[in-house]
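Worksheet: one structure, shown below.
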Amino acid sequence: MSASTPRDVSCRELVELLTDYLEGVLTPDETAAVDRHLELCDGCAAYLDQLRVTINALGAVTLETLPDDAVDELLDAFRELLR
Amino acid sequence: MTITDEGLVERLRAGDEAAFAAVVRAWSPAMLRVARSHVRTDATAEEVVQEAWIGVLRGLRLFEGRASLRTWVFRILVNTARRRGRGDAVVMAELAGPNVDPDRLRGADDKYPGGWRETATPSWWGPEARVLSAELRALLTQALTELPERQRAVVELRDVHGFQATEVCELLDLTPPNQRVLLHRGRARLRSILEVARP
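Going down the list, the sequences are from chains A and B.
Under the numbering used here, the first residue of the first sequence carries the number 649, and numbering increases by one thereafter.
Under the numbering used here, the first residue of the second sequence carries the number 14, and numbering increases by one thereafter.
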């Protein structure tokens, strides 16, 4: 993508670039093209915002850990090995 | 995950059971995900995590603190998982295909090829979607379990547990571009689930 005008990136292409965009791995030219597209395209700007909301929400999720009996077994091993 | 090394190693070496139980509970969710990406079943992943923790206990006296405790623990985990692992390459199905329903975008013969169709353009989510309600939390937690294994591992490690991209590449044997593709696919899938379910 060597974009010089916003129309060089379609919405179809842009939505696939957004994680690379958020990760900061696009070239300066590509980043500028994405920025220009986002300024002009409300649908893609909303899509990016939705991705950000999703990422933020994931930060508040609690996930399953080892079952209690597995933790108990490890505590037994801990007592044995670090006594 | 808000466990710091400060004094932790000493507490563990001194036999502080509560400290050990806390760190096991905090780090094991991410460890299970890493292990599961190297082995075929949840049960084997659990065994790998348990085995890794035993390895940590046995090696704790030798830990010199050159890396953080977490880095060291995850290194032991990955070595344990690789010994039990399948060593498959990333399943290509997890990397291919568009992440937005192609029907939402205009065709090649349209005046604006690849642009959003009027009726399918994403709309701005209201403030209620930004506050994670119990329902949305449950929905996301369930949706994560339904992602393909590598996508799930990358999304959970990056966005739930806060690992860096370079760490995730190392733990899951991924190239940086594949790590980003998996992250994007997983995020895009979860976004679409929230889009349908949002209040």
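Ideal placement from N, C-alpha and C gives every residue a C-beta, glycine not left out.
- Under the three-state reduction of DSSP output, B/L118 falls in the strand class.
- Proximity of A/P715 to chain B, defined by a Cβ-Cβ separation below 9 Å, is satisfied.
- As computed with DSSP, B/W129 is found in a beta bridge with B/L118.
- Within the region 32-87 of chain B, the runs of alpha helix (DSSP H) at least 4 residues long that lie entirely inside it are, in chain order, 55-72.
- Among the CB atoms of chain B, none fall inside 9 Å of the CB of A/T679.
- A Cβ-Cβ contact shorter than 9 Å links B/G128 with A/C659.
- Interface residue (Cβ-Cβ distance to chain B less than 9 Å): A/D668 is classified as such.
- Assigned with DSSP and collapsed to three states, A/Q698 falls in helix.
- DSSP places A/H685 in the uninterrupted alpha helix (DSSP H) bounded by 676-688.
- Against chain B, the CB of A/R660 has a partner CB under 9 Å away; the residue lies at that interface.
- The DSSP-derived three-state label of B/Q177 is coil.
- Cβ-Cβ separation between B/D172 and A/L666: approximately 14 Å, too far for a contact (criterion under 8 Å).
- In the displayed model, B/A147 falls within a helix according to three-state DSSP.
- One thing to note: B/V181 has its Cβ no nearer than 9 Å to the Cβ of B/L203.
- Chain B places a beta carbon closer than 9 Å to that of A/E664, counting this residue as a contact.
- When Cβ-Cβ separations below 9 Å define contact, A/L688 makes no contact with chain B.
- In this structure, B/V86 sits near B/A65, with a CB-CB distance shorter than 9 Å.
- When the five nearest sequence neighbours on each side are left out, the beta carbons in the same chain lying within less than 7 Å of the beta carbon of B/L153 are those of L203, in order along the chain.
- Residue burial annotation: B/R165 is buried, with at least 16 other C-beta atoms found within 10 angstroms of its C-beta.
- 9 Å or more divides the Cβ of A/L714 from the Cβ of B/Q155.
- Nearest Cα to B/L170 within the set A/E687, A/V709, A/E678, A/D717: A/V709.
- In the displayed model, A/E712 falls within coil according to three-state DSSP, outside both helix and strand.
- The Cβ atoms of B/A94 and B/A48 lie closer than 9 Å to each other.
- Counting along the chain, no alpha helix (DSSP H) covers B/A109, and no H or E run does either.
- Taking C-beta atoms under 8 Å as the contact rule, A/L696 and A/L686 qualify, at a distance of about 6 Å.
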